[in-house]
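A.B. asks: Read top to bottom, the protein sequences are chains D and Y. All you need for my numbering is the position in the first sequence, starting with 1, plus 40. All you need for my numbering is the position in the second sequence, starting with 1, plus 40. Quick one: the structure is below, questions incoming.
2 protein chains.
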Amino acid sequence: MKLALVGTGLIGSSVGLAAKHALGAEVSGWDPDPAALAGAAERGAIDRDAGSLADAVADAELAVVAAPVAQLPAQVVEVLRHSGDGCTVTDVGSTKGWIAGAEPSVRFVGGHPLAGSEAHGPAHARAELFEGATWFLTPSPTTDADRYRALHGFVSALGAIPVAVDPQAHDRILALTSHLPHALANLLLNQVGANRVEGHEPLAAAGGGLRDMTRIGGANPRIWVDIFLDNADSVRDALAEHRRRVEQLEAALDAGDAGFVARWIGEAGQNRRRLLTGAYGEAGQIHRLLVRIPDRPGVLSAITQALGAERINIEDFELRHDSPERGGAFTLMIAGEEQAQRAADLLESQGYAVDVSPLDES
Amino acid sequence: MKLALVGTGLIGSSVGLAAKHALGAEVSGWDPDPAALAGAAERGAIDRDAGSLADAVADAELAVVAAPVAQLPAQVVEVLRHSGDGCTVTDVGSTKGWIAGAEPSVRFVGGHPLAGSEAHGPAHARAELFEGATWFLTPSPTTDADRYRALHGFVSALGAIPVAVDPQAHDRILALTSHLPHALANLLLNQVGANRVEGHEPLAAAGGGLRDMTRIGGANPRIWVDIFLDNADSVRDALAEHRRRVEQLEAALDAGDAGFVARWIGEAGQNRRRLLTGAYGEAGQIHRLLVRIPDRPGVLSAITQALGAERINIEDFELRHDSPERGGAFTLMIAGEEQAQRAADLLESQGYAVDVSPLDES
């Protein structure tokens, strides 16, 4: 498999290492920063240090664009221009709203692995970075099923769990789960850092709680200024809701409302447990879902996004169009009887005819 | 040394283990909860399971009250009543404002170690819990110097760094460094937990950042309802300032102000580094500061709190009153020439005559 990395920082180089490890991929790389490119070669993340973006992607089967958010749209256009028809193009950007404004291509499917680190640069790249991580994919109504299947398989091979999502929904989810936490870490650091209490510097008296809560604070401004501005609308919505919740708490403290505070803490404890236990079903025997589908665009994205929203993990799938009149069949492989049945119920509730059967492994 | 623990949960039992380890203390313990008392005995944190609070403190030299915040004032009164004149009494409560409303006693000095854990109960107690931790002490104008010296030495022997602070200032510092972070963790959990985005549950797509930021969320309501309500004024001030900072950020995002966002992230990065590097001076040769003092109440608390605010670590001290006319001398031992000189400059700027000399170790 021929893989091209456009951008060889922490994420790009980790994709390279993971793909070489899992798939024996042959990896070419390019980065506008010569140091990042040299670092990726030294780390063993790329086999070939390409002289240009065009050279890197020329004969690739898959090109992964791992550039900072602000440069993504332009770089994806460049990669599509210089790569051949056989090349599928994806990215790993933290925001996906820009996809709506880009010219659609059947060869492009957006992506975003929820993996990262305080560290950055190829020196910190690891093949295991994506192990068990959610990897959002944004199939669109124009997405080609075979290309999506190849990308889905690639992401799974790297150890990640592909979850299909609409680009706008992706950005609203990330505003809540990543950008709001980053904002709160920064706000907290700057408030505690700016205060003096009768000569004491509160920052010097910080316990482990404040240290944990600010681990993600002050993250690389080269990356985060763009993320905050690129996703400004969703981040502002999240901040406004946060402010309303702060006001509620202030009112409860003002009223000495112990009941409110106790319920509020209890709810947080429940949410913390939900966060830690995750929502994945147990693995189990693979089941085949045969779904009759109409021959119209958007079926792939509609079905994968619906299952993604329920965090039903698709192991593999096949999309077959029989004819415009008779439509076709979408075959999905799903691990575990319970999860397969949930998937079937969900799709039936959306009007599809679904047939479930255990895949005979004998 | 005879130590009494009134309250044998995580903190109380850890004090017992640390005192036995560092000082060979003989520890009696009492807790209204029989399970906590039995747990402390099992963990080896107490030598004697006292039948009552009165029995536990009867012949103690130091009594440490480690009760939940709401029960502290009443338990301290009980402990003072049942202990002898030779017994110094302290507590480990997370708020100190209640001290202003309590009847003053020369035998009582408030305390608060910045150590804790997600875990609670004596089973999780550890002798090393206080190693390197700030341990706030609240000497008052009526505090007896010998008792304060003994408590200061006790806390140091447990591995903690005693920092003198005014009780009200303590609560404002903790509102910023502990109660606000706890509140934000809970607010974040409840906001992310309450949202659904096109069928997706954002909590299920949480990355490591959200996990870190909510580690302290949903903490034991039995403890935290009281802390929030007991320190409601300072917490509300901190929340109101936080809200103003959120509004600033919203305005910057609204205006697409990349400069503001970059400066704001940069400032957070600086504050994060300050938090991690801490403000402690290097250890070094012990220096003796001889401070001439007037014979008036409050000198001990004034000097120790002033040095605490600058995080100048006092290794040991002696307070000697010569006469009402001539006043007396306060001798302080401080590690490191640079730190000793900072202490001397600070006290001279407050009108004291100070003499610094290296302590000859030969």
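Built from N, CA and C at the ideal position, the CB exists for glycine as well.
Applying the 10 Å Cβ sphere with the 16-neighbour rule, what's the burial state of VAL275 of chain Y?
C.D. replies: Buried: at least 16 other Cβ atoms inside 10 Å.
A.B. asks: Which bits of chain D does TRP304 of chain Y rub up against, with CB to CB less than 8 angstroms?
C.D. replies: Result: ASN226, ASN230.
A.B. asks: Of the residues that make up the stretch 120-149 of chain Y, which ones have a beta carbon closer than 9 angstroms to any beta carbon in chain D?
C.D. replies: So nothing in the stretch comes that close.
A.B. asks: Taking the alpha carbon of GLY126 of chain D as the point to measure from, which residue in D:ARG147, D:GLU118, D:ILE51, D:ALA114 has its own alpha carbon closest?
C.D. replies: It is D:ARG147.
A.B. asks: Output, in chain order, the set of chain Y residues within a Cβ distance shorter than 8 angstroms of GLU280 of chain D.
C.D. replies: Correcting the residue identity first, residue 280 of chain D is Ala in this sequence and not Glu. Within chain Y, the residues near ALA280 of chain D are GLU290.
A.B. asks: Say whether chain Y places a C-beta atom closer than 7 angstroms to the C-beta of LEU243 of chain D.
C.D. replies: Cβ-Cβ to chain Y under 7 angstroms: yes for LEU243 of chain D.
A.B. asks: Short of 6 angstroms in beta carbon distance, which residues of its chain neighbour PRO181 of chain Y, apart from the five on each side in sequence? Order them along the chain.
C.D. replies: Around PRO181 of chain Y: PRO337, GLY338, SER341.
A.B. asks: Taking 6 angstroms as the limit between beta carbons, can you name the residues of its chain near VAL55 of chain D, skipping five residues before and five after?
C.D. replies: Here the set comprises VAL104.
A.B. asks: Under 8 angstroms by Cβ, that's how I've got ASP99 of chain Y and GLY64 of chain Y pegged, so tell me the actual separation to the nearest angstrom.
C.D. replies: In fact, because the Cβ distance is near 17 angstroms, the residues do not count as touching under 8 angstroms.
A.B. asks: Rounded to the nearest angstrom, what separates SER137 of chain D and LEU198 of chain Y at their Cα positions?
C.D. replies: The amino acid occupying residue 137 of chain D in the given sequence is Gly; Ser does not appear at that position. C-alpha separation (whole angstroms): 54 angstroms.
A.B. asks: Just how far apart, CA to CA, sit ALA319 of chain D and ARG312 of chain D?
C.D. replies: For ALA319 of chain D, the predicted structure reports a pLDDT of 42, less than 50, and the residue's modelled location is therefore unreliable. The matter cannot be settled from this model.
A.B. asks: Per DSSP, what are the beta-bridge partners of ILE326 of chain D in this structure?
C.D. replies: For ILE326 of chain D, which the question treats as bridged, DSSP gives the partners D:ALA375.
A.B. asks: Do the CB positions of ALA204 of chain Y and GLN345 of chain Y come within less than 7 angstroms of each other?
C.D. replies: Going by C-beta atoms, ALA204 of chain Y is nearer than 7 angstroms to GLN345 of chain Y.
A.B. asks: In whole angstroms, what is the alpha-carbon distance linking THR174 of chain Y and PRO202 of chain Y?
C.D. replies: Approximately 6 angstroms between the Cα atoms of the pair.
A.B. asks: Quick check: is the beta carbon of MET253 of chain D nearer than 7 angstroms to any beta carbon in chain Y?
C.D. replies: Yes, MET253 of chain D lies at the interface with chain Y (some Cβ there is under 7 angstroms from its Cβ).
A.B. asks: In whole angstroms, give me the CA-to-CA distance for GLY321 of chain D and ALA349 of chain D.
C.D. replies: Model confidence at GLY321 of chain D stands at a pLDDT of 40, short of 50, so the residue's coordinates are unreliable; what they give is reported in the following sentence. GLY321 of chain D and ALA349 of chain D: Cα-Cα distance of roughly 14 angstroms.
A.B. asks: Starting from PRO261 of chain D, trace the alpha helix (DSSP H) both ways and give me its first and last residue.
C.D. replies: Looking at the DSSP string, the run of the alpha helix (DSSP H) that includes PRO261 of chain D is 261-270.
A.B. asks: By the criterion of Cβ-Cβ separation under 7 angstroms, what are the contact partners of TRP264 of chain Y in chain D?
C.D. replies: Per Cβ cutoff of 7 angstroms: ILE305.
A.B. asks: Could you tell me the boundaries of the alpha helix (DSSP H) in which TRP304 of chain D lies?
C.D. replies: Counting along the chain, the alpha helix (DSSP H) containing TRP304 of chain D begins and ends at 298-317.
A.B. asks: SER218 of chain Y CB to nearest chain D CB: under 7 angstroms?
C.D. replies: By this cut-off, SER218 of chain Y is an interface position.
A.B. asks: Would you say THR48 of chain Y reaches chain D, if we count a Cβ-Cβ gap shorter than 7 angstroms as a contact?
C.D. replies: No, THR48 of chain Y lies away from the interface with chain D (no Cβ there is under 7 angstroms from its Cβ).
A.B. asks: Could you name the residues that DSSP lists as bridge partners for GLU66 of chain Y?
C.D. replies: Paired residues: Y:LYS42.
A.B. asks: What's the C-alpha gap between TYR392 of chain D and SER145 of chain D?
C.D. replies: Looking at the two C-alpha atoms, the distance is approximately 28 angstroms.
A.B. asks: Taking Cβ-Cβ distances shorter than 8 angstroms, what residues in chain D pair up with LEU250 of chain Y?
C.D. replies: Simply THR217, SER218, PRO221, LEU315.
A.B. asks: Beta-carbon of HIS240 of chain Y versus every beta-carbon of chain D: anything under 7 angstroms?
C.D. replies: Chain D, which has a Cβ nearer than 7 angstroms to the Cβ of HIS240 of chain Y, makes this yes.
A.B. asks: Please report the straight-line C-alpha distance between ILE305 of chain Y and ALA302 of chain D, rounded to a whole angstrom.
C.D. replies: Their backbone Cα atoms lie some 34 angstroms apart in a straight line.
A.B. asks: Hey, is ALA209 of chain D's beta-carbon within less than 7 angstroms of any beta-carbon in chain Y?
C.D. replies: Closer than 7 angstroms to some Cβ of chain Y, the Cβ of ALA209 of chain D qualifies, so yes.
A.B. asks: Which partner residues of PHE148 of chain Y appear in the DSSP bridge assignment?
C.D. replies: Y:VAL129, per the DSSP bridge assignment.
A.B. asks: Taking a Cβ distance cut-off of 9 angstroms, strictly less, list which residues of the stretch 339-361 of chain D are near chain Y, in chain order.
C.D. replies: So the list reads GLN345, ALA346, GLY348, ALA349, GLU350, ARG351, given in the order they occur along the chain.
A.B. asks: List the residues of chain D that PHE370 of chain Y touches, going by C-beta distances under 7 angstroms, in chain order.
C.D. replies: Per Cβ cutoff of 7 angstroms: no residues; PHE370 of chain Y is ~19 angstroms from chain D at best.
A.B. asks: Distance, Cα to Cα, VAL394 of chain Y vs MET253 of chain D?
C.D. replies: Those two C-alpha atoms are separated by around 42 angstroms.
A.B. asks: The beta strand (DSSP E) that contains ALA393 of chain D, what's its start and end?
C.D. replies: Counting along the chain, the beta strand (DSSP E) containing ALA393 of chain D begins and ends at 393-398.
A.B. asks: Please classify GLY247 of chain Y: does DSSP put it in a helix, a strand, or coil?
C.D. replies: Here GLY247 of chain Y sits in coil by DSSP.
A.B. asks: For the stretch 79-110 of chain Y, enumerate the residues whose C-beta is nearer than 9 angstroms to any C-beta of chain D, in chain order.
C.D. replies: So the list is empty, because no residue satisfies the distance condition.
A.B. asks: Determine, using beta carbons only, whether PHE268 of chain Y comes closer than 7 angstroms to chain B.
C.D. replies: Annotation note: the requested chain B is absent from the structure, which comprises protein chains D and Y.
A.B. asks: Would a check of beta-carbon distances place GLY367 of chain Y closer than 7 angstroms to chain D?
C.D. replies: It does not: the Cβ of GLY367 of chain Y has no partner Cβ on chain D nearer than 7 angstroms.
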